[in-house]
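Presented below is the structure to which this report refers.
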Amino acid sequence: MRKALDFVIARRPTPQEWFDPTSTWFFDHQELDEYLRAFHDYLFGDRPEPIHPPDNERLPPEPDPAPPTNHNERAR
């Protein structure tokens, strides 16, 4: 199991690839990677408690607002 989990962490599946077989979705690669590493630390490291997957009912974070544009400037 350790080799399989190490392989998954090294391969870095996309959140969509992870959702298809598990029905658990993550907002981005970083969130998925943090979850997998914490799960690995629980099984094989020094994490005292398991990590629970994220709640699928969460709302995605708001996108960063686009920087304001100055429509009065002319293209050079």
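Numbering (UniProt numbering), first residue to last: 1 to 76. Idealized CB from N, CA, C, for every residue including glycine. Predicted model, so just to flag it, every value in this text is computed and none were measured.
- Task: Determine the direct distance from the alpha carbon of Trp25 to that of Pro54, and round the result to whole angstroms.
- Result: One-based indexing of the sequence shown puts residue 54 at position 54. One-based indexing of the sequence shown puts residue 25 at position 25. For Pro54 and Trp25, the distance between alpha carbons rounds to 7 Å.
- Query: Just how far apart, CA to CA, sit Tyr42 and Tyr35?
  - Reply: As a working note, residue 42 is residue 42 in the sequence shown. As a working note, residue 35 is residue 35 in the sequence shown. One C-alpha to the other measures close to 11 Å.
- Phe39: buried (16+ other C-beta within 10 angstroms of its C-beta) or exposed? On the sequence shown, position 39 is the one that residue 39 refers to. Taking every protein chain shown into account, the CB of Phe39 has 16 or more other CB atoms within 10 angstroms, so this residue is buried.
- Could you name the residues of the same chain whose beta carbon sits closer than 8 Å to that of Asp33, not counting the 5 residues immediately before and after it, in chain order? For the purposes of this step, residue 33 is identified with residue 33 of the sequence shown, where counting begins at 1. Ile9 and Arg12, listed in sequence order.
- Message: Can you look up Glu31 in the DSSP assignment and give me helix, strand or coil?
- Response: Reading the sequence shown from its first residue, position 31 is the one you call residue 31. Glu31 falls in the helix class under three-state DSSP.
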